[in-house]
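Numbering (UniProt numbering), first residue to last: 1 to 169.
Shown next as structure tokens:
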């Protein structure tokens with residue numbers, strides 16, 4: 001399980017500009033059919049760290065410039081490119097500063113050859129709302145990674161709608 005401490009954002013996976021970051025590494029994400037691992041296990045954590053810290057430059061180094069995505073904020077539309085996500089980095093993530101804990105549960109990797117992988121997982125995001133009550137958000141995420149010029153880049157993701165638990169229960 002991976003864990004990231006950040007501030008709440010409703011952009012790209014519900015993490016944003018936190019000032020303290022705590023990433024707990026998984027002991028190796030393995031494809032279910034054999035013991036292969038993605039060569040650069042840190043790539044997923046680097047992406048989460050870039051989003052969590054609100055670092056758009058690092059984020060753009062980890063994603064393809066023509067990134068495609070389906071996410072709740074896009075209201076069912078396919079997003080292509082970075083402009084949609086940059087809006088959240090510029091206007092939402094930089095304004096949030098409450099601590100948030102994000103956990104990646106049950107990551108499952110499908111290697112799609114030497115230069116591509118699909119990673120699916122459940123993401124839990126915990127934070128304290130404006131009324132001081134604990135909230136847990138859940139989303140289901142699938143990311144497609146492609147190795148380009150010897151580095152892994154996220155080329156597509158699909159994130160489900162999020163749900164909140166009543167007062168942390």
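Backbone N, C-alpha and C fix where the C-beta goes; we use that ideal spot for every residue, glycine too.
Residue environment, residue 44, which counts as buried when at least 16 other CB atoms sit within 10 Å = On the chain shown, position 44 is the one that residue 44 refers to. Looking at its Cβ environment, which holds 16 or more other Cβ atoms inside 10 Å, residue 44 is buried.
According to the neighbour-count rule (16 or more other Cβ atoms, all chains shown, within 10 Å of its Cβ), is residue 74 buried or exposed?
-> As a working mapping, residue 74 is identified with position 74 in the chain shown. It counts as exposed.
Helix, strand or coil at residue 151 according to DSSP, with G and I counted as helix = Counting from 1 along the chain shown, the entry for residue 151 is found at position 151. Reduced to three states, the DSSP call for residue 151 is strand.
What span of residues does the alpha helix (DSSP H) with residue 61 cover, start to end?
-> Numbered from 1 along the chain shown, position 61 holds the residue referred to as residue 61. Note, residue 61: alpha helix (DSSP H), 56 to 62.
Determine the contact status of residue 156 and residue 141, defining contact as a CB-CB distance below 9 Å.
-> Residue 156 sits at position 156 when you count from the first residue of the chain shown. Residue 141 sits at position 141 when you count from the first residue of the chain shown. No. Outside cutoff.
Roughly how far, in whole angstroms, is the beta-carbon of residue 154 from the beta-carbon of residue 83, given that I think they are within contact range, below 8 Å?
-> Counting from one through the chain shown, the residue named residue 154 turns up at place 154. Counting from one through the chain shown, the residue named residue 83 turns up at place 83. At roughly 16 Å, the Cβ-Cβ gap does not stay under 8 Å, so residue 154 and residue 83 are not in contact.
Out of 53, 129, 139, 148, point me to the one whose CA is closest to residue 104's CA.
-> Locating residue 104 in the chain shown gives position 104, counting from the first residue. Ranking 53, 129, 139, 148 by Cα distance to residue 104 puts 139 first.
Compare the C-alpha of residue 120 against each of 126, 93, 137, 145 and name the closest.
-> Within the chain shown, the letter at position 120 stands for residue 120. It is 145 whose Cα lies nearest to the Cα of residue 120.
Could you check which residue in 91, 111, 109, 126 has the C-alpha nearest to that of residue 99?
-> Within the chain shown, numbered from 1, the residue matching residue 99 stands at position 99. If we check each option's Cα against that of residue 99, 126 comes out closest.
Between which two residues does the alpha helix (DSSP H) harbouring residue 86 extend?
-> The residue you call residue 86 lines up with position 86 of the chain shown. That run of the alpha helix (DSSP H) goes 83 to 91.
Helix or strand or just coil, what does DSSP make of residue 72?
-> Here the question's residue 72 lines up with position 72 in the chain shown. Note: residue 72 maps to helix in three-state DSSP.
Starting from residue 51, follow its DSSP beta bridges and name the residues at the other end.
-> Sequence index remark: in the chain shown, residue 51 carries index 51 (1-based). According to DSSP, which records beta bridges pairwise, residue 51 is partnered with nothing at all.
If we ignore side chains and look at the alpha-carbon of each, how far apart do residue 69 and residue 59 end up?
-> Locating residue 69 in the chain shown gives position 69, where the first residue counts as 1. Locating residue 59 in the chain shown gives position 59, where the first residue counts as 1. The C-alpha of residue 69 lies about 15 Å from the C-alpha of residue 59.
For residue 140, which residues does DSSP report across the bridge?
-> Against the chain shown, residue 140 aligns to sequence position 140. Residue 140 pairs with 122.
Using only alpha-carbon positions, find the residue among 133, 118, 137, 114 that is nearest to residue 149.
-> Residue 149 sits at position 149 when you count from the first residue of the chain shown. The candidate whose alpha carbon is nearest that of residue 149 is 114.
Please check the pair residue 62 and residue 78, which I expect to be a contact at CB under 8 Å, by giving their CB distance rounded to whole angstroms.
-> Looking up residue 62 in the chain shown gives position 62. Looking up residue 78 in the chain shown gives position 78. The pair is not a contact, with the Cβ atoms about 20 Å apart (cut-off 8 Å).
Select from 54, 116, 130, 85 the residue whose C-alpha is nearest the C-alpha of residue 143.
-> The sequence position of residue 143 within the chain shown is 143, counting from 1. Nearest C-alpha to residue 143: 116.
Give the single residue among 50, 85, 135, 76 whose Cα lies nearest to the Cα of residue 160.
-> In the chain shown, the residue the question calls residue 160 occupies position 160. Here the closest residue by C-alpha is 76.
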